[in-house]
Amino acid sequence: MSQDDAFAIDRFRKYLQIKTVQPKPDLEAAIDFLKKYGSDIGLTAATYELVPGYPVLILTWLGSDTSLKSVLLNSHMDVVPVFPESWTYDPFEAKLQDDGWIFGRGTQDMKCLAIMFLEAIRRLKARGFQPKRTVYLSFGPDEEVGGLKGMGPFVDSPEFEVMNVGVALDEGLASDTPWCPVYFAERQQLWMKYTFHGNPGHGSRFIKDTAMSRLLKFMNLVQEFRDQQEKKLESDPELTVGYVTSVNMNILEGGLEVNVVPSKMSVTVDIRVTPSETLDEMRSKLKSWILKALEKPGEPTPSLDEAVTMETVCAFSGDFTSPTDEDNPWWKALSGALSESGVEFKKDIFTGGTDIRYVRRKGIPSYGFTPMPNTPVLLHDHDERIHKDVFLKGIKIYENIIQRITSVEGTP
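Under the numbering used here, the first residue of the sequence shown carries the number 443, and numbering increases by one thereafter.
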């Protein structure tokens, strides 16, 4: 193993060992580590804390022409919780097995990409490469809980505006096949809570128009739609999950006693809407299912306001798509670098939501890509891991990407 590769693996493992676990990530330790890393390779650092306790770190590599739009390389410092008893090793040991697999929380999501960015820059600088465009590396504090206090407000700030970002790169997913997904869009997020009201009574009686009976009718209609979307996905081998709308009814709340018919029952639904449909269109579907659930032949339909309480838990909408045509200079540079690196890739829509949605919402072309082919998809799972050879190749791939994308001519 070369000295550069050994150094990269050592840095990666040290970053993994910092416990940036939600809900109380050690962000101070992560920022100190990243600042020192950046300083050692000649990057300047600034921290912006628009919401107290949620710092965003920015490292800067100045380009030769600072009037041009810049390139943003984004990652997040936080990781999701673990169940240590379900892991082969301590999730924060960053165990490197003899066969090359590195185990640890954050190996895939997404500390690997942060180190790929930094190591690619270190190696480019060592070769004397000077980017034409300025490169910013951003590190968010709270992506795993929505980015609402970190990258969300930062992207809306004057500090971000001054960065004059022209294109952004962020996380992708592992692939258990030889090809890697490149995400040009994300699904929209809609979390809704529906509370159905009905007649209460004793559990030994046949009560008419109960909250549960109304809720069940609604849930059956939601399930029908879910089944249709799943069938659509399974019937077309070219489709991936991002091209359909997923619905999961994840929280049920209601009665307190087994012998009491409750006056209200609720369901909270997680809906991820494909970019070809709007949230308003999805809401209209949901409302039509509610009305259908309340219908009784020969009887007037009860008032919607009296029968159902609708609460939007979370909604994130918009056109979150970025250009993927060869006329677009950013996409041409990215896809060209991937081809030159021998990467097999497919354009895809990200199934969930990441911090890059805040950037994409500004109209800035943004792409999600983490080169992890032939790797089991284990983000948020037990025994999350990446092979050292995949990680090291990812650095070389990002060397090519950074060279190409910072050299794009003109002012796209």
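Here a beta-carbon is modelled for each residue, glycine too, at the ideal position from N, C-alpha and C.
Keep in mind that this is a model prediction, so the values were computed, not measured.
Cβ distance (whole Å) where residue i is taken to contact residue j below 8 Å
i, j, result
"MET661", "VAL703", "Not quite, the Cβ-Cβ distance comes to about 18 Å (not below 8 Å), so this is no contact."
"ARG802", "PRO717", "About 11 Å separates the two Cβ atoms, so there is no contact after all."
"MET634", "VAL715", "Incorrect: roughly 11 Å between the Cβ atoms, too far for contact."
"ILE847", "GLU561", "Actually they are not in contact, since the Cβ atoms of ILE847 and GLU561 sit about 17 Å apart, beyond 8 Å."
"LEU499", "PHE581", "4 Å"
"GLU613", "MET552", "4 Å"
"GLY589", "ASP797", "4 Å"
Residue i - partner residues in DSSP beta bridges
i, result
"PRO642", "None; PRO642 has no bridge partner."
"HIS829", "TRP543"
"ALA627", "THR763 and ILE791"
"ALA472", "In DSSP, ALA472 forms no bridge with anything."
"MET752", "TYR636"
"ILE500", "ALA488 and SER580"
Beta-carbon proximity list for residue i, same chain, < 8 Å, skipping 5 on both sides
i, result
"LEU698", "PRO704"
"SER599", "TYR490 and LEU492"
"SER617", "PRO623, MET814, PRO815, ASN816, THR817 and VAL819"
"LYS650", "ASN641"
Nearest-angstrom Cα separation, counted from residue j out to residue i
i, j, result
"CYS622", "GLY495", "35 Å"
"ARG668", "LEU658", "15 Å"
"TYR800", "GLU586", "14 Å"
"SER677", "ALA556", "37 Å"
"THR508", "LEU579", "16 Å"
"PRO620", "THR751", "48 Å"
"LYS591", "LEU501", "19 Å"
"GLU723", "ILE483", "49 Å"
"ARG547", "ASP468", "14 Å"
"GLU782", "ASN842", "8 Å"
"MET558", "GLU719", "35 Å"
"ALA450", "LYS734", "59 Å"
"ASP447", "ILE844", "19 Å"
"GLY795", "GLN631", "7 Å"
"TYR685", "SER759", "16 Å"
"PHE638", "MET593", "36 Å"
"LYS574", "GLY505", "5 Å"
"SER777", "GLN550", "22 Å"
"ALA653", "VAL755", "21 Å"
"GLN670", "LEU538", "44 Å"
"HIS518", "LEU736", "45 Å"
"VAL597", "GLY542", "38 Å"
Sequence-distant residues of the same chain with beta carbon closer than 6 Å to residue i, five excluded per side
i, result
"GLN459", "PHE534 and ALA536"
"VAL850", "PRO771 and ALA775"
"ALA568", "none"
"LEU821", "GLN550 and ASP551"
Buried/exposed call for residue i, threshold 16 Cβ in 10 Å
i, result
"GLU768", "exposed"
"THR486", "exposed"
"LYS511", "buried"
"PRO523", "exposed"
"ARG564", "buried"
"CYS554", "buried"
"ASP831", "exposed"
"VAL577", "buried"
"PRO526", "exposed"
"THR743", "exposed"
Close-in-space but distant-in-sequence residues of the same chain around residue i (CB under 7 Å, 5 per side omitted)
i, result
"SER764", "PHE626, ALA627, ARG802, PRO807, SER808 and TYR809"
"PRO595", "LEU492 and VAL493"
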